[in-house]
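Take 1009 as the starting number for the sequence shown in the numbering used here and just add one per residue.
Following: one structure in structure tokens, then a few remarks.
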Amino acid sequence: MDNPHAPHFQRLVWLGAGLVALIGMLLGIDRLALSHLKSDAERTAHEWAVQLPNSVPGLNQILQGVTPTAEARAAIGVIHGTAGVFRFRLFDRHGQLLLTSDSPGSPPPAPQAALAPLPADVFAGHSHVQLKQGNGLTLPLVYSEAYVPVQRDGGLLGVVEVYVDQTDRAELTTASFRQAALLAGCALTASFIVGGAVWRRRLDVERLAHDRLQYLVQHDTLTGTLNLAGFRQRLKQACRQGATPGQGMAVLAVDIDDFKGVNDRHGQAAGDQVLATTAERLRAVLRGADSLARLGGDRFAVLQLGVAGSEDVKALAERILLALAQPCDVGHSDVLVSASIGAAILGVDGGDGETLTQHAEQALLRARAAGRGGYNFYDPALDAALQRRRQLAQDLELALAHGRLQLHYQPLFRSGDDSLQGYEALARWQHPVHGPISPAEFIPLAEENGLIRALGLWVLRTACQEAARWPEGLTVAVNLSAAQFAQGEALVDEVQGALSRAGLPAARLELEITESLLMSHTDQVLHTLQALHRLGLKIGMDDFGTGFSSLAYLWRFPFDKLKIDRAFTQGLDTDAKVGVIVHSIVQLAHSLGMRVNAEGVETEAQRLALLRHGCDELQGFLLGRPQPVGRLAHETQVATEAA
Ligand code: C2E
Ligand code: CA
Ligand code: CA
């Protein structure tokens, strides 16, 4: 609504106009009647006066002062009383009274006895009429007094003063005017009633439209629940009333598990059906005072009122989970759904609605991370950690987009002659606030947040481009995340693209994968690995020995290299049995035609032990730390030799 006052203003204008019309009409009726009477009197007097010379023989002479004849007097007696004329007087052209109807025979009164002087405009040839009120006895109640000039050949002969009884006419006129006024009044009243009804109807329609708009603004059309705006307002209201003992409130953030999967597998219509059913089921377990909202996508929120303690919230959360964990009919099939819930209680987990909702959502994230169909209460410490991870994921995306990640290269040495074999590329991220973040933290973050594909591609291209500038023969090892294999064939294309863009021979590239990759989707992964192998590059198994069934995978795929995890290298110092294990691994790998790399070499003793056990390649802080371009082993060697 642009201006809610507009209808009231219009109504006022409407009423005002009506009132003015009514008052105007009432005032006007009397004036109108008066003016009508006056013109009527004027007409009568005029007609009568004009008729006078025809009726009274020798009138012109009489007006010039000749005494009326008996015939004239008789005529005067006859016309007196016609057309309501109850008296008249004749004056000569100087205004001298000649004759009065009261005594047509008597001689004219003496000049000094003349009545008040005649109106001046009569001498100019104009009639002059006045309406007067009489007492009803000697004079009629309403009468007109008219002065009518009698002219001949354009000259004034004399003046006739006529008194016309207007009482009957006045009554008639007033009566008919009042009747007209009454009719008009009725018509006006009717138009007001009709107008008012139309008005009311319009207001009703407007109010209805307004209510509908309000509803739309605050509700979700798909489920009929409140939407985010509506929920915020409801929360604000509830928080304003505050929590009293036994009458607290809680917000429960409800999220359907793997809703995206439902959409992907069954289509959007099925997804919508799941949402509508979820809303129905939620409504069914809520109490009347509680509110339900869909905040967007598959995120629902419940405002629970009358909360006495966390037990009440727990009970509701369990009721909700139970109600939602039912097959959902989506037309062609049933879909099994479940939900996760995060809850926050007013006063305990937040003092206002916004905070409460945020905290419930943070608790929900933890519930989801813990698996399907569970609920969690807000926990500041745990949720802060989760919050940091979410923030970090956003920062990582930005860093990636703005090219703020770096690659460091750690040298790998052949154990036979200590010659440089190549480098392993390791991603680095210098966070503007938190400083250096370990890839052990941000790589999993990238995997969870769908950033790993872009990050992996960047590493691959950068490492290939860098390696192409190194002396012939130096290799570069690039770590691949299991998540990158989800792309299947596209990964093969990306690797090939990176090689050809950089102009790096495939033989100089090594890809390191971990056995966790082989534990899932084995056939597809094997297929991709084989396709990669056919490009002519080498594939190594990283962190060997840390998994559960490392050996089982070794014969499934012809790895070129096996990297013994640094836990074994470190264990060599303390546990004699580790030496036996390392020895066996090397034997096994060699018998399968694989080279063996030992990671994490930090001490000379470790280096010697690894050499003894037959490792082909060594890597570790003892031999060289990961370094940025410009400080790589072969670059510094060249610099040293030049010096
Ligand atoms: P990783 O592939 O096993 O890489 C070797 C890790 O051991 C590196 O840690 C390296 O700095 C560290 N290291 C090397 N020598 C020694 C040593 O003598 N002692 C000790 N204590 N550590 C040593 P970093 O760089 O922190 O990387 C951690 C892990 O992050 C890597 O383990 C790898 O799994 C992952 N990562 C790093 N960069 C990438 C990448 O570009 N892509 C993927 N997918 N993962 C990466
Ligand atoms: Ca590695
Ligand atoms: Ca490793």
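No residue lacks a Cβ here, since even glycine has one placed at the ideal position from N, Cα and C.
CB contact flag (residue i, residue j, <8 Å)
i	j	result
I1070	L1106	yes
V1282	A1331	no
H1054	S1135	yes
F1493	L1525	yes
V1172	T1052	yes
A1258	L1354	yes
D1212	I1264	no
E1643	F1629	no
S1341	R1380	no
A1246	L1313	yes
Q1159	L1045	no
A1454	L1404	yes
V1519	L1545	Here residue 1519 is Leu; the residue named in the question, Val, does not match the sequence. Contact flag set, yes.
G1350	A1333	no
L1236	A1301	yes
V1343	V1441	no
N1384	A1392	no
F1421	L1619	no
V1594	G1548	no
Chain D within 8 Å of residue i, Cβ atoms only
i	result
A1392	No chain D is present in this structure, which holds just one protein chain.
heavy atom of ligand 2 below 7 Å from residue i C-beta
i	result
D1550	yes
N1605	no
E1625	no
N1487	yes
E1497	no
G1480	The question names Gly, but residue 1480 is Glu in the sequence shown. Checking the Cβ of E1480 against ligand 2 gives no.
E1432	yes
E1520	yes
CB-CB length for residue i against residue j, believed under 8 Å
i	j	result
R1097	E1169	4 Å
R1603	K1569	5 Å
L1139	V1150	7 Å
A1560	D1581	Contact flag wrong, Cβ pair sits at about 29 Å.
Q1532	G1496	6 Å
V1486	A1433	5 Å
L1126	V1167	6 Å
A1435	L1413	6 Å
Residue i, DSSP secondary structure in three states
i	result
H1054	helix
E1625	strand
A1641	helix
Q1104	coil
G1548	strand
E1610	coil
G1379	coil
Y1386	coil
S1043	helix
S1063	helix
P1076	coil
T1181	helix
M1009	Unreliable positioning characterises M1009 in this predicted model, as indicated by a pLDDT of 38, which lies under 50. The coordinate reading is nonetheless provided below. Reduced to three states, the DSSP call for M1009 is coil.
V1093	strand
N1235	coil
A1122	With a pLDDT of 46 at A1122, under the threshold of 50, the modelled position of this residue cannot be trusted; read the value that follows with caution. Here A1122 sits in coil by DSSP.
S1152	strand
P1157	strand
M1527	coil
M1033	helix
N1271	helix
G1193	helix
T1522	strand
Q1429	strand
H1088	coil
A1246	helix
W1563	coil
Any non-hydrogen atom of ligand 3 closer than 7 Å to residue i Cβ
i	result
D1573	yes
Proximity test, residue i beta-carbon vs ligand 1 heavy atom, cut-off 7 Å
i	result
V1609	yes
S1524	no
F1629	yes
Q1429	no
A1389	no
Q1418	yes
G1464	yes
S1446	yes
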